[in-house]
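Here is the structure we will look at.
Residue numbers (my numbering), protein chains in the order written: chain A, 6 to 353; chain B, 6 to 353; chain C, 6 to 353.
Have a look at this one:
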């Protein structure tokens, strides 16, 4: 059976261990969105916001939770975790491009580099001295790999990635275009007449199964290494300073900045555009909502926020003006409380 | 007449339909800033902050609004929209580099790609299988174009741009260096032992006359497409998540992040470093001021804000400390109001 | 003496003018972190957060302040500015890779460009017409240099840098991978049916000893130039709009955005993710803390903030809800004050 022709619902149910409600002979060839899917498409429902499309979907089948199965008018593949089940089925129906072993004629490979025969090295790439490229690694076009870099098996550098010298990637790491790993950390020392650059002599170690988004930057350590542990997922345009350590399976959304020497725990979720200052410790299982600022260590799992949602601009200007006088307001209330013999003893 | 020698004010007035106050034979060869312009320069005034330079300008002529013409000591080209009039004149006096048709010897073009004879393909570029490059397209040096990409006529990819497979650009789209279009969206499904990658199988469709800034990233859709409609202008370092749709003629300033599946209306203005969470609907003609967070849908045109301008740091620390106790302050005021038989019935 | 074998503490003390407490014959070969350093490593202590590691360090010697010398159980190199002293010693012990003069066979150099014989031009680079590359300049692999660019002596473009046409770099400028200098500023003029692009005709001038981080973008001026003065240090993913001017020795952390035509003074310190709107004047010696928004000019040296640290999410939601009613709270307090004949005359 090849996935080019798709698969029957019965095959899918068996392969992925799902309960099927519907005809096992029905064939799906691709995935589709609940509201647009055609009769050869497999869809999924894992977000309550999209439940309204379930009744009218034209999909062949929908991957969904047990409690929604009765509302599904088409075939249902039932899973306690429909998003993960869908992800696995979709990857099987739509496998990534196969690796095409070989080194493009325009690639510039240092003679001391070791490149696995099963690796694919694209056009206009550079592989530096003593670099080691593992089995089935794909080095996309325009990618620059510095001296002494090591890439374990099955890494995919999509295109135009830069790995500075000495960076080490574990197995199955995916790096998207424009990412820069191993540039100098921002180490400067103030002196009488300006700044002295502090040499950035550490490395970057990326463990297995990490994914790194487009135009994300991860700086090398000042002395020791910057470390991204196993299974971490980084979205686009994230900035990770020198000597940061990110614990396994933490996921970080786009535009987050993490300053130097901060340690993030395992299984944290950091939403978009959060800023975390340097030299902090963030515990395991911490969730930080979007546009928040973290300026001191977080020692307990939990959800943390400081983002303020928009108001109509005129109302917001009044709020900001009032905020500037909030100290005075507290004082006024204190005066009033004293008049009533309220206050410290009674209220606080 | 060639613009190499510039043009007379009379020629400009006729060509751009402007009223001229001054000598039509005066010749200008280039544009200049109001406060620095020399006697062969054309300048403009479209921002009240710069009116103070009008009296002393040495420019040959100034493009400005009717109401300012009487204050202009040099020649005036009068327009109700001096910025747009200036933009058109400047583009005519300083045309972009002409397209130089041809494919550089170092370009790697897949044999199945179709490249218009009038297109210019720069050095160290890659054009993937079945890509279609339209008439007069410029593909700048170091640019990587994936399989099946289509570029309509007159696109300009400046340098070191990455278009992943299947991305489609309309006519006259400009993409600046380092931009990455079509990387995988941030789709991950939580599972017992970490994350499962959700395949990102959709595309990116960019309509005509869009401009995309340096190092901006636009992710491909998870299933359907990410869509940037006609005439949208995107500044640098913007992040656009999977399945976002941006309505025509919306302009977005630098460092904005828009999370997945959000729809932005037409003619919106989004200022710098705004963050917009996923799965929202933003109406047409919405203005969002800088550093604001949008975390719920906006259904009506208007101006929205949540950015807080800086205070002196000590004062700000007091404000933040007070803010943490604001809940308690409301309670105290409620107690006081009760003493006075004020409160709910009377004030709110 | 070569640094390959390291140096004795005596040699270091003499060369860098430091007081030595300990055996001048002790040899160090590399630098190390205070808490991990081995017996051939030189370490330093310049941050009170790390004083706890001093007592147990295994380093051969520590660079530190006079007041800490007595607590140091190993050799001490004493300096009033231990970070700067360490930076200089580390750069001497670990010098950067030497320049390897020559032009890689894959480089595409316009015949009209002038390249110093001592310069190193890496693979897959482009050097445009009339560009001038100074003595000992390193042009890293994949770097694109536009027409008419000038690079003064000892610049290092690390890899995959883009310099648009006409950009000028002073001596010893370091530019990290993915940086884009000279892309068009975000100049658009609103017109009846969309936007007109305002041609961006100015340049970018970077003075001596500037360092520019990975994926940072600096736009060219609209008419005049964008200017980065001597000794400015820019971290990663910073966005600098057209016609910005940054004063000498100012340091800017990652993810900062500065909108067009703003002038920043000398010796300013701008922390991460700050946003500064356009057309402002920021005085010399201004410090802006992380995630702050600057929306009006700052005329006096000092420290400025508007970032709000995170709270537990439930508490934060209550604070935000209260904030939306703060205007009403002020009114209530005013009513209460009137009851007491307090208020304007007495309290404000």
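Glycine included, every Cβ here is placed at the ideal spot set by N, Cα and C.
Exercise. Which residues does DSSP pair with residue 156/B in a beta bridge?
Worked result: 138/B and 174/B
Output the distance between the C-alpha atoms of residue 341/A and residue 329/C, rounded to the nearest integer angstrom. 23 Å
> residue 238/A versus chain B: which residues are under 7 Å apart at the beta carbon?
Replying inline: By Cβ distance, chain B contributes 193 and 200.
TODO: Could you tell me which of 289/B, 204/B, 267/B and 65/B sits nearest to residue 37/A, measuring between CA atoms?
DONE: 204/B
By alpha-carbon positions, which one of 190/C, 134/C and 150/C ends up nearest to residue 174/C? 150/C
_Could you tell me the alpha carbon to alpha carbon distance between residue 211/C and residue 183/B, rounded to whole angstroms?_
20 Å
Going by C-alpha to C-alpha distance, which of 160/C, 333/C, 170/C and 208/C sits closest to residue 153/C? 170/C
| task | Consider the Cβ of residue 28/B: report whether some Cβ of chain C lies at a distance smaller than 8 Å. | result | no
Partners in chain C for residue 149/B, counting only beta-carbon separations shorter than 7 Å:
Going along chain C, no residue has its Cβ under 7 Å from residue 149/B, so there is no contact; the nearest lies around 11 Å.
message: Which residues in chain B have a C-beta closer than 7 Å to the C-beta of residue 129/C? List them in chain order.
response: 129
Have a look at residue 168/A and residue 262/C and give me their C-alpha separation to the nearest angstrom.
25 Å
Near residue 213/C, what residues of its chain come up, given a Cβ to Cβ distance below 8 Å and the 5 sequence neighbours on each side ignored?
157, 175, 176, 177, 178, 235 and 236
Using the rule of at least 16 other Cβ atoms within 10 Å of the residue's Cβ for burial, across every protein chain shown, is residue 143/C buried or exposed?
-> buried
Fill in: Whole alpha helix (DSSP H) elements within the region 223 to 295 of chain B, 4-residue minimum
none
Would residue 188/C pass as an interface residue toward chain B - the criterion being a Cβ-Cβ separation below 8 Å? yes
Worksheet item: Who are the Cβ neighbours of residue 104/C in its own chain at under 6 Å, not counting the five residues just before and after it?
Response: 125, 141 and 143
* Does the beta-carbon of residue 161/B have 16 or more other beta-carbons within 10 angstroms, so that it is buried, or is it exposed? -> buried
Legend entry - Range of the contiguous beta strand (DSSP E) that encloses residue 209/A: 209 to 211
Per-residue DSSP class, three states only, for residue 63/A
Residue 63/A falls in the coil class under three-state DSSP.
Checklist line | Reduced DSSP category for residue 26/B - H, G, I as helix; E, B as strand; rest coil | finding: strand
Of all the residues that make up the region 25 to 57 of chain C, which are near chain B by a beta-carbon distance shorter than 8 Å? none
Query raised in the report: Just checking my contact of residue 137/C with residue 119/C at CB under 8 Å: how many whole Å lie between their CB atoms?
Result: 5 Å between Cβ atoms; contact.
Practice task
Report, in whole angstroms, the separation of the C-beta atoms of residue 310/C and residue 314/B, which I expect to be a contact under 8 Å.
Solution key: That pair is no contact at about 10 Å.
Among the residues of its own chain, which have a CB less than 8 Å from the CB of residue 22/A, if the five just before and after it don't count? none
| request: Name the residue from 122/C, 293/C, 55/C and 127/C whose alpha carbon lies nearest to the alpha carbon of residue 115/A. | output: 127/C
Original post:
Does DSSP classify residue 40/B as helix, strand or coil?
Top reply: coil
Just to confirm my understanding: we take residue 271/A, look at its own chain, exclude 5 residues before and 5 after, and list those with CB closer than 7 Å. What are they? 252, 253, 254, 255 and 289
Suppose the cutoff is 6 Å on Cβ atoms and the five residues either side in sequence are ignored; what does the same chain contact list for residue 91/A look like?
49 and 68
**Request:** Return the first residue and the last residue of the beta strand (DSSP E) that residue 47/C is part of.
**Result:** 46 to 49
With 7 Å as the C-beta to C-beta threshold (strictly closer), list the residues of the region 252 to 267 of chain B near chain C in chain order.
If the cut-off is 7 Å between Cβ atoms, the region 252 to 267 of chain B has 254, 256, 258, 259 and 260 near chain C.
Review point. Mind checking residue 53/B: buried by the 16 CB within 10 Å criterion, or exposed?
Key: exposed
Residue 316/B, DSSP secondary structure in three states:
strand
Per DSSP, what kind of secondary structure is residue 58/A in: helix, strand or coil? helix
Cβ-based contacts, 7 Å cut-off: residues of the region 297 to 312 of chain A near chain C:
297, 298, 299, 300, 301, 307, 308, 309, 310 and 311
- Within 8 Å, strictly: CB atoms of residue 245/A and residue 268/A: no
Check: Near residue 295/B, which residues of its chain fall below 8 Å by C-beta distance, leaving aside the five closest residues on each side in sequence?
Finding: 258, 276, 277, 278, 279 and 312
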